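Protein chains in written order, with the working numbering: chain A, 2 to 134; chain B, 130 to 256.
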Amino acid sequence: MSTFVTGAEIAPKSFIINREVLIAYANVSGDQNPIHQDEAFAQSVGLENVIAHGMLTMALVGRYVSEIAGSSAVKEFSARFVKPVVVPANTDVELLVGAKVLSIENNSAKFEITASCKGVKVLSMAKAVIAIK
Amino acid sequence: MLNPDIVGRTFTGVNTFTVTQESIIEFCAAIGEQDFTIAPPTYTIKISLAESQVFLKESGLNWDRVVHGDQKFEIYQPIVGGDLLLCSSTVESARVVAGNEIVTVRADLHRGSEHVASSWATLVARA
C-alpha cells in the first residue's frame with residue numbers, strides 16, 4: 002500500500018449512476034422506495050425526478066475508499082447527505098469523488114472525501130479512516 | 130409522531146442475519162466493486178435499516194416521509210461470507226426541528242461475542 006502524507010490529494014475518480022444502477026441497488030439493498038425508480042411517483046412527492054439512494058452514493062464512494070485502502074482495513078466511513086443525486090431516464094449521471102489526507106495518527110490515516118454531481122456537492126462532512134499497516 | 134419514550138431503548142434483533150457469500154457478490158456487483166473477499170463498508174446498511182424500520186414504524190415514525198440525513202460506519206473486524214450477525218439497535222436521540230422529526234439510531238453488530246461493527250443512521254421524517 003502507498004504511504005500517505007498529510008495534505009496530499011488522492012486522484013479523483015468518477016462513477017456512473019443511471020436507472021439500471023438504481024434498480025440493481027434497490028434489489029440488493031431491499032430499498033424499493035419508488036422515489037428511486039418511478040418518475041411519476043418522485044414528482045408527486047415534490048422531487049424534480051427520480052433520485053439515487055443516498056446509500057448508493059455512499060456505497061460508490063465506499064468503493065473509492067476501499068480502493069485507497071487496498072489490502073488495509075477501512076475502519077470508519079461517514080457522510081451527510083446534503084443534495085439528492087437526480088437521475089433522469091436514459092442518462093448516465095457522473096458522480097465525481099476525491100479525497101485528501103487530513104491526518105495520520107494511531108496507525109491510521111484519516112481522509113476528507115468530496116463527492117459531487119455537475120459541480121454540486123452531494124455529500125458533506127464525508128470522512129474515512131483507513132488502517133496503516 | 131414518534132413516541133419520545135423510544136429514546137435510549139435498545140431493540141435486539143430476533144433473528145440472526147446470515148452473511149452469504151452470494152449476498153456479498155450481489156452487493157458488490159450492484160455497485161461495481163470487484164473485490165468480493167470482504168463485505169464492502171456499507172454492506173451492513175441493509176441489516177441495520179431493516180431492523181430500524183420495524184421499531185421506528187411501530188413507535189409512530191412516518192416511514193413514507195423518511196430521508197437519510199447522516200450515516201456513519203465503524204468497522205472493527207472484516208465481515209465475510211458465512212458470518213452470523215446479530216444486530217442490536219439503540220435509539221440515541223430524537224428531536225423535532227421545524228416539524229421534521231430527526232432520529233439517530235446506533236446499530237451494533239455482533240458475531241457471537243465479538244463486536245464487529247457499529248453504524249449510526251440519522252433519519253429525517255419530513256414534515
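Backbone N, C-alpha and C fix where the C-beta goes; we use that ideal spot for every residue, glycine too. Everything numeric in this text was worked out from a predicted model, so none of it was measured.
Can you check DSSP and say which residues form a bridge with residue i?
| i | result |
| --- | --- |
| B/Cys216 | B/Leu238 |
| B/Val232 | B/Ala223, B/Leu252 |
| A/Phe82 | A/Leu124 |
| A/Glu113 | A/Lys101, A/Lys128 |
| A/Cys118 | A/Val121 |
| B/His197 | B/Leu252 |
| B/Ile135 | According to DSSP, which records beta bridges pairwise, B/Ile135 is partnered with nothing at all. |
| A/Thr92 | In the DSSP output, where bridge partners are listed per residue, A/Thr92 has none listed. |
| B/Ser247 | B/Glu203, B/Asp237 |
| B/Ala140 | Per the sequence shown, the amino acid found at residue 140 of chain B is Phe instead of Ala. B/Ser218, per the DSSP bridge assignment. |
Nearest-angstrom Cα distance between residue i and residue j?
| i | j | result |
| --- | --- | --- |
| B/Thr141 | B/Pro133 | 19 Å |
| B/Arg255 | A/Lys134 | 43 Å |
| B/Thr233 | B/Thr171 | 17 Å |
| A/Val88 | A/Ala100 | 24 Å |
| B/Arg138 | A/Val6 | 42 Å |
| B/Leu131 | A/Val130 | 33 Å |
| A/Met2 | A/Ile69 | Residue confidence for A/Met2 is low, a pLDDT of 47 falling below 50, so the modelled location carries little weight; the figure read from the coordinates is stated next. Spanning the two alpha carbons is a distance of roughly 8 Å. |
| B/Glu258 | A/Asn108 | Residue 258 of chain B falls outside the range modelled here, since chain B spans only 130 to 256, and no answer is possible. |
| B/Ser247 | A/Asn19 | 30 Å |
| B/Gly211 | B/Val226 | 42 Å |
| B/Leu264 | B/Gln150 | What is shown of chain B runs 130 to 256, which leaves residue 264 of chain B out entirely. |
| B/Arg224 | B/Trp192 | 16 Å |
| A/Pro35 | A/Val83 | 20 Å |
| A/Ala53 | B/Ile174 | 16 Å |
Do the CB positions of residue i and residue j come within less than 9 Å of each other?
| i | j | result |
| --- | --- | --- |
| B/His197 | A/Met56 | yes |
| B/Gln200 | A/Met59 | yes |
| A/Gly63 | B/Leu178 | no |
| A/Gln38 | A/Ile24 | yes |
| B/Thr219 | B/Arg235 | yes |
| B/Ile153 | A/Lys76 | no |
Among the options, which one has its Cα closest to the Cα of residue i?
| i | options | result |
| --- | --- | --- |
| A/Ser73 | B/Phe184, B/Thr166, B/Glu243 | B/Thr166 |
| A/Ala41 | A/Val51, A/Asn34, A/Asn19 | A/Val51 |
| A/Leu48 | A/Val86, A/Ala9, A/Lys101, A/Ala129 | A/Val86 |
| B/Ser222 | B/Ala250, B/Ile204, B/Ser242, B/Asp237 | B/Ala250 |
| A/Phe78 | A/Gln44, A/Ser104, A/Ala90, A/Glu113 | A/Glu113 |
| B/Ile208 | B/Gln150, B/Ala168, B/His244 | B/Ala168 |
| B/Glu125 | B/Val195, B/Glu151, B/Cys157 | As shown, chain B starts at 130 and ends at 256. That puts residue 125 of chain B outside it, with no answer to give. |
| A/Ile11 | A/Thr115, A/Asn28, A/Lys84, A/Leu96 | A/Thr115 |
| A/Cys118 | A/Leu97, A/Ser104, A/Leu103, A/Val102 | A/Leu97 |
| A/Ala80 | A/Val22, A/Leu124, A/Glu21, A/Thr92 | A/Leu124 |
| A/Val102 | A/Lys128, A/Gln33, A/Val94 | A/Lys128 |
| B/Ala159 | A/Pro35, A/Asn34, A/Glu21 | A/Glu21 |
| B/Gln206 | B/Thr145, B/Thr147, B/Val245, B/Ile153 | B/Val245 |
| A/Val121 | A/Ser104, A/Gly8, A/Glu95, A/Ser67 | A/Glu95 |
| B/Glu187 | B/Ile176, B/Ile135, B/Phe146 | B/Ile135 |
For a test of the three-state rule: what should DSSP assign to residue i, helix, strand or coil?
| i | result |
| --- | --- |
| B/Val148 | coil |
| B/Phe202 | strand |
| A/Ala141 | What is shown of chain A runs 2 to 134, which leaves residue 141 of chain A out entirely. |
| B/Pro170 | coil |
| A/Phe16 | strand |
| A/Met2 | Annotation note: pLDDT 47 at A/Met2 (below 50); position unreliable, coordinate value reported separately. Note: A/Met2 maps to coil in three-state DSSP. |
| A/Leu23 | helix |
| B/Ile154 | helix |
| A/Ile133 | coil |
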